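Novice: Once you've had a glance at the structure underneath, I'll fire off some questions.
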Amino acid sequence: MLNEVTISRGIIDAYMKKLSDALELDVAIVGGGPSGLVAGLYLAKAGKRVAMFDRRLSIGGGVWGGGMMFNEVVVQEEGKAVLDDLGFFCQLFQPGYYTLDSVYLASGLVYKAVSAGLKIFNLVAMEDVVIKQGRVAGLVINWGAVETLKWHVDPLTLHASYVLDATGHPANVAEVLVRKMGVRLDTATGGMVGEKSMEAETGEIDTVNNSREVYPGLFVSGMAANAVCGGYRMGPVFGGMLLSGQKVARTLIERLQ
891 MLNEVTISRG IIDAYMKKLS DALELDVAIV GGGPSGLVAG LYLAKAGKRV
941 AMFDRRLSIG GGVWGGGMMF NEVVVQEEGK AVLDDLGFFC QLFQPGYYTL
991 DSVYLASGLV YKAVSAGLKI FNLVAMEDVV IKQGRVAGLV INWGAVETLK
1041 WHVDPLTLHA SYVLDATGHP ANVAEVLVRK MGVRLDTATG GMVGEKSMEA
1091 ETGEIDTVNN SREVYPGLFV SGMAANAVCG GYRMGPVFGG MLLSGQKVAR
1141 TLIERLQ
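First residue of the sequence shown? That's 891 in the numbering used here, and the numbers climb one at a time after it.
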């Protein structure tokens, strides 16, 4: 017979262990879009202590909606190489253009990342960063609902050797750091340059080139990288997102050796 208290205890005990194990990390990822998931997947496969925090209920960022809620996305030849490496299948549309179901991609990235060892905390928001000796060294977290409702509830804190801002267009982590600490970022202006308008080819290149460390301990990827460093947007072509996550993961793995 099922016991309701046993069910509740199982959920509480398992979650508390998962959260406690995530209080000291190699990499803390904020944002569960494609670049963050790919980065987390590769970092977990490399045996790094990595966890992801996203204030939303669902993980996957903008992938789910495809283009204008047509749940298909496009990748180019370079992006397909990452899909091939991760075991995804896509259809040739025209030379150099491949399509795949956005639900398949989003759910598959989540499944593969968790299976590799990435710990994902949905409904958990990044409220602030931890600063130690002039570098980003962790996160201040709270429930996503607390952030939405603007309740005065004190947060919890975790430490991480590196933080990855994969929050998409708002670049929430970098924005908080600049606004509260007044620091200079490693960008053309020293601040958040801002995202430019649509230019798919340049935007795909920008997404990868801008995915890097912009302040000691803080990396950016995906559209957060373009928002911080000043890159074009590209719409529902996702190769650059995949390559962005792969690039950041490789850099972090080298740093953490």
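Glycine included, each C-beta is placed from N, C-alpha and C at the ideal position.
Fair warning: this is a prediction, and the values are worked out from it, not measured in the lab.
Ignoring anything shorter than 3 residues, give me the beta strand (DSSP E) runs that lie fully in the region 1063-1090, in order along the chain.
Specialist: List check, beta strand (DSSP E) in window: 1086-1088.
Novice: Per DSSP, which residues does Glu1103 bridge with? Please list them.
Specialist: According to DSSP, which records beta bridges pairwise, Glu1103 is partnered with Phe1109.
Novice: If contact is defined by three or more beta carbon pairs under 8 Å, each pair taking one atom from either stretch, is the region 1012-1019 in contact with the region 989-997?
Specialist: With a cut-off of 8 Å, the region 1012-1019 and the region 989-997 do not count as touching, because too few Cβ pairs lie within range.
Novice: What whole-angstrom Cβ distance do Val1063 and Val1073 have, given they're in contact under 8 Å?
Specialist: In fact, because the Cβ distance is near 12 Å, the residues do not count as touching under 8 Å.
Novice: Kindly list the residues whose CB is nearer than 8 Å to the CB of Leu1109, restricted to its own chain and excluding five residues on each side of it in sequence; keep chain order.
Specialist: The sequence given here places Phe at residue 1109; Leu does not occur at that position. The answer, listed in chain order, is Tyr1052, Val1053, Leu1054, Asp1055, Ser1101, Arg1102, Glu1103, Val1138, Thr1141 and Leu1142.
Novice: Between the Cα of Gly950 and those of Ser992, Gly900 and Asn1032, spot the shortest distance and give me the residue it belongs to.
Specialist: Residue Ser992 is the option with its Cα nearest to Gly950.
Novice: If you check the beta carbons only, do Val1068 and Leu1075 fall under 8 Å apart?
Specialist: Yes, the Cβ-Cβ distance between Val1068 and Leu1075 is below 8 Å.
Novice: Going by DSSP, name the residue or residues bridged to Met1016.
Specialist: Looking at the DSSP assignment, Met1016 forms a beta bridge with Ile1031.
Novice: Mind listing, in chain order, the continuous alpha helix (DSSP H) runs of no fewer than 4 residues lying wholly within the region 933-1008?
Specialist: Runs of the alpha helix (DSSP H) inside the region 933-1008: 967-976 and 992-1006.
Novice: Quick check: what's the CA-CA separation for Gly1058 versus Met891?
Specialist: Cα to Cα, Gly1058 sits roughly 46 Å from Met891.
Novice: Skipping 5 residues on each side, what residues in its chain have a beta carbon closer than 7 Å to that of Leu1007?
Specialist: Note that residue 1007 is Gly in the sequence shown here, rather than Leu. Excluding sequence neighbours, Gly1007 sits near Ala934.
Novice: Report the option in Ala1061, Ala941, Tyr988 and Met1088 whose CA atom is closest to the CA atom of Gly1028.
Specialist: Ranking the options by Cα distance to Gly1028, first place goes to Ala941.
Novice: Answer yes or no: do Leu990 and Gln981 have a C-beta to C-beta separation smaller than 8 Å?
Specialist: The answer is yes: Cβ separation under 8 Å.
Novice: Let's see if you can read the secondary structure: which residues bound the beta strand (DSSP E) around Val917?
Specialist: Taken as a continuous stretch (DSSP letters only), the beta strand (DSSP E) holding Val917 covers Glu914 to Val920.
Novice: Would you give the residue range spanned by the alpha helix (DSSP H) that Ala1056 belongs to?
Specialist: From DSSP, Ala1056 is part of no alpha helix (DSSP H); its letter is neither H nor E.
Novice: Between which two residues does the alpha helix (DSSP H) containing Leu1132 stretch?
Specialist: Gly1129 to Arg1145 is the extent of the alpha helix (DSSP H) around Leu1132.
Novice: Just the Cα atoms here: how many angstroms apart are Val964 and Pro1126?
Specialist: Distance between the alpha carbons of Val964 and Pro1126 is about 6 Å.
Novice: Let me check one thing: in DSSP terms, what residues is Glu1049 bridge-paired to?
Specialist: Looking at the sequence provided, one finds His at residue 1049 rather than Glu. Paired residue(s): Glu914 and Gly1028.
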